[in-house]
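Peer 1:
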Amino acid sequence: MPPKRIEPKPYVKRQKNDSTDAEAICEAVTRPNMRFVPTKTVEQQSCLMLHRARHLFIRHQTAVINSIRAYLAEFGIVAPVGRRGVEQLLEVVADTADDRLPEVARACLAALGSQLRALKAQILEFDRRIIAWHRSSVTSKRLDAIPGVGPALATALVASIADPKAFRSGRDFSAWVGLVPKQNSSGGKDKLGNISKQGDRYLRSLFTAGALAVIRYAKIHGTGHRPWLTGLLARRPTKVAAIALANKLARMAWAMMARGERYREPVALTA
Numbered sequence: 069m070p071p072k073r074i075e076p077k078p079y080v081k082r083q084k085n086d087s088t089d090a091e092a093i094c095e096a097v098t099r100p101n102m103r104f105v106p107t108k109t110v111e112q113q114s115c116l117m118l119h120r121a122r123h124l125f126i127r128h129q130t131a132v133i134n135s136i137r138a139y140l141a142e143f144g145i146v147a148p149v150g151r152r153g154v155e156q157l158l159e160v161v162a163d164t165a166d167d168r169l170p171e172v173a174r175a176c177l178a179a180l181g182s183q184l185r186a187l188k189a190q191i192l193e194f195d196r197r198i199i200a201w202h203r204s205s206v207t208s209k210r211l212d213a214i215p216g217v218g219p220a221l222a223t224a225l226v227a228s229i230a231d232p233k234a235f236r237s238g239r240d241f242s243a244w245v246g247l248v249p250k251q252n253s254s255g256g257k258d259k260l261g262n263i264s265k266q267g268d269r270y271l272r273s274l275f276t277a278g279a280l281a282v283i284r285y286a287k288i289h290g291t292g293h294r295p296w297l298t299g300l301l302a303r304r305p306t307k308v309a310a311i312a313l314a315n316k317l318a319r320m321a322w323a324m325m326a327r328g329e330r331y332r333e334p335v336a337l338t339a
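Quick note, the sequence shown lines up with residues 69 to 339 if you use the numbering used here.
Dropping the structure here:
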């Protein structure tokens, strides 16, 4: 059972102790609509740990970069946004002839710079391991053919989903990821709001980044070969269209995993 449902409140009578929790769990297991989580393999859990550790290092890298920029801004030293800007700031720190920085501040910033370089090297090593795992997985290589899905998202999908057939449809899978709108419907009137964001945050961010990449490529090279995306971008802002496209990519990925199919180009593209 999912961890959130280990102690299902609707089945707990009164108080909280081990016996009442065990009784509630036994009652919840017998419900016909109860959802269960398939057990992952050792390889899947290892790959998922690789993704989680890489994501943690990326967050640390962002924190270190922000600290370097903030500390140097206190002395009036700023640089453009991006990797080149950070390199320019580290060059200022390494230049002992620059008298704008006191020695104490220079020592602190040099320590942050060495930590940033170590984080970048570790992230690069994790990227290489993800690529190697991707090349060894048949399902991951099939998913890589979907536009907007790269090795990172493909391996994350294979590692996160133990049994794709546990979802009844692609919409159930996209809802599990958190790419469907919230409902507040009553009396036969459907009211849809923003996306729920109640699923897997990591997979949702990768799907959204992939959809934005597809939209950016389509804007540069033309959207005539994707009529559905062209009409959507004409009616909705780019970010809204990206979420809709991410939902579509998620449903396509589920269909390929559940049925063992390969990606097939739409008719508009082949024509």
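C-beta: ideal position from N, C-alpha, C; glycine also.
Between Gly278, Met320, Ala326 and Val172, which has its C-alpha nearest alanine 309's C-alpha?
Peer 2: Alanine 309 has its Cα closest to that of Gly278, out of Gly278, Met320, Ala326 and Val172.
Peer 1: Look at the alpha carbon of alanine 96 and the alpha carbon of lysine 81, and state the distance between them as a whole number of angstroms.
Peer 2: 13 Å
Peer 1: Taking asparagine 262 as part of the beta strand (DSSP E), name the residues at either end of that continuous run.
Peer 2: 260-263
Peer 1: Do arginine 319 and phenylalanine 241 have their beta-carbon atoms positioned less than 8 Å apart in this structure?
Peer 2: yes
Peer 1: Can the beta-carbon of leucine 180 be found closer than 8 Å to that of valine 132?
Peer 2: Contact: yes.
Peer 1: Nearest to threonine 207 by alpha carbon, out of Gly290, Ile311, Gly328 and Arg236?
Peer 2: Gly328
Peer 1: Per DSSP, proline 170 forms a beta bridge with which residues?
Peer 2: Paired residue(s): none; proline 170 is not in a bridge.
Peer 1: Where do the N-terminal and C-terminal ends of the beta strand (DSSP E) with proline 249 fall, by residue?
Peer 2: 249-251
Peer 1: Using a 10 Å radius around the Cβ and a threshold of 16 neighbouring Cβ atoms, would you call valine 110 buried or exposed?
Peer 2: exposed
Peer 1: I'd like the list of long-range same chain contacts for arginine 174, defined as Cβ closer than 7 Å, with 5 residues on each side in sequence excluded.
Peer 2: Val161
Peer 1: Could you tell me the alpha carbon to alpha carbon distance between leucine 116 and serine 228, rounded to whole angstroms?
Peer 2: 7 Å
Peer 1: Taking leucine 221 as the reference, which of Met102, Trp322 and Arg99 has the closest Cα?
Peer 2: Trp322
Peer 1: Among Gly216, Arg151 and Ser182, whose alpha-carbon lies nearest the alpha-carbon of leucine 271?
Peer 2: Ranking the options by Cα distance to leucine 271, first place goes to Gly216.
Peer 1: According to DSSP, which residues form a beta bridge with lysine 209?
Peer 2: DSSP output for lysine 209 lists no bridge partner at all.
Peer 1: Apply the 10 Å Cβ neighbour rule to lysine 84 and answer buried if 16 or more other Cβ atoms are within range, or exposed otherwise.
Peer 2: Under the 10 Å beta carbon count, lysine 84 is surrounded by fewer than 16 other beta carbons and is classified as exposed.
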